[in-house]
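The structure under discussion appears below in the form of structure tokens.
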Amino acid sequence: MNNFLNILLCAPRGFCAGVDRAVDIVEKSLKKYGKPVYVRHEIVHNKHVVQTLEKKGVIFVDELNEISDKTRPVIFSAHGVPKKVYQEANLTNLQFIDATCPLVSKVHREAELLNKQDYQIILIGHRNHPEVIGTMGQIPNEDVTLIEEIKDIDRIKLKKKKIAYITQTTLSVDDTKNIIDALKTKFPKIKAPIKSDICYATTNRQTAVKNIAAKCDIFFIVGSRQSSNSKRLVEVAKKNGSKQSFLVHQEFELPKETIQNAKCIGVTSGASAPDILVDDLIKNIAKIRDIKIKEVEIVKENVEFKLPKELR
Numbered sequence: 264m265n266n267f268l269n270i271l272l273c274a275p276r277g278f279c280a281g282v283d284r285a286v287d288i289v290e291k292s293l294k295k296y297g298k299p300v301y302v303r304h305e306i307v308h309n310k311h312v313v314q315t316l317e318k319k320g321v322i323f324v325d326e327l328n329e330i331s332d333k334t335r336p337v338i339f340s341a342h343g344v345p346k347k348v349y350q351e352a353n354l355t356n357l358q359f360i361d362a363t364c365p366l367v368s369k370v371h372r373e374a375e376l377l378n379k380q381d382y383q384i385i386l387i388g389h390r391n392h393p394e395v396i397g398t399m400g401q402i403p404n405e406d407v408t409l410i411e412e413i414k415d416i417d418r419i420k421l422k423k424k425k426i427a428y429i430t431q432t433t434l435s436v437d438d439t440k441n442i443i444d445a446l447k448t449k450f451p452k453i454k455a456p457i458k459s460d461i462c463y464a465t466t467n468r469q470t471a472v473k474n475i476a477a478k479c480d481i482f483f484i485v486g487s488r489q490s491s492n493s494k495r496l497v498e499v500a501k502k503n504g505s506k507q508s509f510l511v512h513q514e515f516e517l518p519k520e521t522i523q524n525a526k527c528i529g530v531t532s533g534a535s536a537p538d539i540l541v542d543d544l545i546k547n548i549a550k551i552r553d554i555k556i557k558e559v560e561i562v563k564e565n566v567e568f569k570l571p572k573e574l575r
């Protein structure tokens, strides 16, 4: 009797171009400037990545005033920072290197332009997420309203003649569409971004999960508990037919009994999770069951972002 456990491995998965660029910026800064190099906030939301960089001589800080040696460079994380952080760095003569994802920077520019054009701005995103804090910090607080779900639309009061929306880059595509549809119902003339603010990697990883979720008894998503895009993948798997879905982080214990009873498992990883963590997960599943792996690719990704000029 064939008792193999089938593993469907999503592609694309793992590091996106923005994360690749951010990690590369840190690695190249260590080579160019030596250690220590400071990074404000986690460069990306993944403990394995952060701990690996710490071993190489990176010091992570929450705020710039925690930097003890002001002669050393500091890198701003891929999530982006408010304008006041750039201003603080300039005032204290800190050398900084900006690892903000170019697709997040695009949203920052949209916010600034809309503000100059006197639009009331609605930002769809998750409160307290570093990316949202960075985007809101590009313009005066009174000119932007954060909404997280459809019910928040009821409290929006028009203060200006024109209204527009922008979004966090790592949201659920489907949930965000529902919010946007509700916004358009209440504000028919609301201005949309020329191109969706949800990034290509978030969209592709969610589509890949949707493609196989209904075939899976279990779906494992490798990613950090702080990672917005990884948590959205867990939700997408559940909503699209996977019987169970789990976020696989450093403290996660594999549900052995559930794996013993499964016929098919889906596996993917968030945009800030390195491939080595997916490899480790599959090795651990293989200790429980004999496995057959099939990669299911929905699209090839070939996006690359240039490094900042000081590191080229």
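If you're matching positions, the sequence shown starts at 264 in the working numbering and goes up one per residue. Here a beta-carbon is modelled for each residue, glycine too, at the ideal position from N, C-alpha and C.
Exercise for the section: Could you tell me if Lys440 is buried or exposed, where buried requires 16 or more neighbouring beta carbons within 10 angstroms of its beta carbon? Expected result: Exposed, by the Cβ-count rule.
Handout entry: Run of the beta strand (DSSP E) containing Asp361, from where it starts to where it stops
Key = Per DSSP, Asp361 belongs to the beta strand (DSSP E) from 359 to 361.
Handout entry: Reference Asp417, options Ile385, Glu516, Leu540, closest by Cα
Key = Nearest Cα to Asp417 within the set Ile385, Glu516, Leu540: Ile385.
Practice task
Report buried or exposed for Thr448, applying the criterion of at least 16 other Cβ atoms within 10 angstroms of its Cβ.
Solution key: Thr448 comes out exposed.
Practice task
Look at the alpha carbon of Asp381 and the alpha carbon of Lys423, and state the distance between them as a whole number of angstroms.
Solution key: Approximately 7 Å, taken between the alpha carbons.
Exercise for the section: Could you say which of Val348, Phe509, Val312, Val289 lies nearest to Ala534 if we only look at CA atoms? Expected result: Of the candidates Val348, Phe509, Val312, Val289, the one whose C-alpha sits nearest the C-alpha of Ala534 is Val312.
Handout entry: Spatial distance of Ile413 from Met399 (CA atoms)
Key = Distance between Ile413 and Met399, taken at the CA atoms: about 19 Å.
Exercise for the section: Going by DSSP, name the residue or residues bridged to Lys425. Expected result: For Lys425, the pairing in a beta bridge is given by DSSP as Tyr382.
Handout entry: Per DSSP, the bridge partner or partners of Ile481
Key = Looking at the DSSP assignment, Ile481 forms a beta bridge with Gln507, Ile528.
Handout entry: Coil, strand or helix - Gly321 by DSSP
Key = With the sequence shown as reference, residue 321 is identified as Val, and Gly is not the correct amino acid for it. It is a strand residue.
Problem - Pair within 8 Å by beta-carbon distance, Ser491 and His512 - result: Taking 8 Å as the cut-off, the beta carbon of Ser491 is found no closer than this to the beta carbon of His512.
Handout entry: Neighbourhood of Leu409 by C-beta, 7 Å cutoff - its chain only, sequence neighbours within 5 removed
Key = Taking C-beta separations shorter than 7 Å and ignoring five residues to either side along the sequence, the partners of Leu409 in its chain run Leu386, Gly388, Arg390, Val395, Met399, following chain order.
Exercise for the section: Tell me whether Tyr463 counts as near the ligand MN, meaning its Cβ is closer than 7 Å to at least one heavy atom of that ligand. Expected result: Here there are no bound small molecules, and the ligand MN is not part of this structure.
Practice task
Determine, using beta carbons only, whether Ile402 and Thr432 come nearer to each other than 8 Å.
Solution key: In this structure, the beta-carbon distance from Ile402 to Thr432 does not fall below 8 Å.
Handout entry: Thr439 - containing alpha helix (DSSP H), residue span
Key = Per DSSP, the unbroken alpha helix (DSSP H) holding Thr439 starts and ends at 436 to 449.
Exercise for the section: Just the C-alpha distance for Lys494 and Ile360, rounded to the nearest angstrom, thanks. Expected result: In a straight line, the C-alpha of Lys494 is about 28 Å away from that of Ile360.
Handout entry: Limits of the beta strand (DSSP E) - the one that Leu409 falls within
Key = Annotation for Leu409: the continuous beta strand (DSSP E) segment containing it runs 407 to 410.
Handout entry: Of the residues Ser532, Asp444, Ser508, the one placed nearest Val485, counting alpha carbons only
Key = Of the residues Ser532, Asp444, Ser508, the one whose Cα lies closest to the Cα of Val485 is Ser532.
Handout entry: Closest residue to Glu573 among Phe483, Ala362, Lys346 (Cα-Cα distance)
Key = Sorting Phe483, Ala362, Lys346 by C-alpha distance to the C-alpha of Glu573 places Ala362 at the top.
Problem - Burial state of Gly297, where buried means 16 or more other Cβ atoms lie within 10 Å - result: Result: exposed.
Handout entry: Proximal residues to Cys596 (C-beta, below 7 Å), its chain only, five neighbours per side dropped
Key = The structure shown does not extend to residue 596, since the chain is modelled only from 264 through 575, so no value can be given for it.
Exercise for the section: Could you tell me whether the Cβ atoms of Val307 and Ala285 are closer together than 8 Å? Expected result: Here Val307 is near Ala285, since their CB atoms are less than 8 Å apart.
Exercise for the section: Assign Glu567 to one of three DSSP states: helix, strand, or coil. Expected result: Annotated three-state conformation of Glu567 is coil, per DSSP.
Practice task
With a cut-off of 8 Å on the beta carbons, I'd call Gln469 and Leu421 a contact; round off their distance for me.
Solution key: Between Leu421 and Gln469 the Cβ distance is about 32 Å, and since that is not below 8 Å, they are no contact.
Exercise for the section: Using the Cα positions of Lys454 and Lys347, report the straight-line distance between them to the nearest angstrom. Expected result: Lys454 and Lys347: Cα-Cα distance of roughly 27 Å.
Handout entry: With 16 other Cβ atoms within 10 Å as the buried cut-off, status of Phe267
Key = Phe267 comes out exposed.
Problem - Per-residue DSSP class, three states only, for Arg488 - result: Three-state DSSP puts Arg488 in coil, outside helix and strand.
Practice task
Give the straight-line distance between the Cα atoms of Met264 and Asp553, rounded to the nearest whole angstrom.
Solution key: Any reading at Met264 needs caution, since the residue's pLDDT is 40, under 50, leaving its predicted position unreliable; the model's value is listed next. One Cα belongs to Met264, the other to Asp553, and the distance between them is close to 13 Å.
Exercise for the section: Please check the pair Thr355 and Leu327, which I expect to be a contact at CB under 8 Å, by giving their CB distance rounded to whole angstroms. Expected result: Confirmed, Cβ separation roughly 7 Å.
Exercise for the section: In the DSSP assignment, find the unbroken beta strand (DSSP E) run with Leu271 in it and report its ends. Expected result: Note, Leu271: beta strand (DSSP E), 268 to 274.
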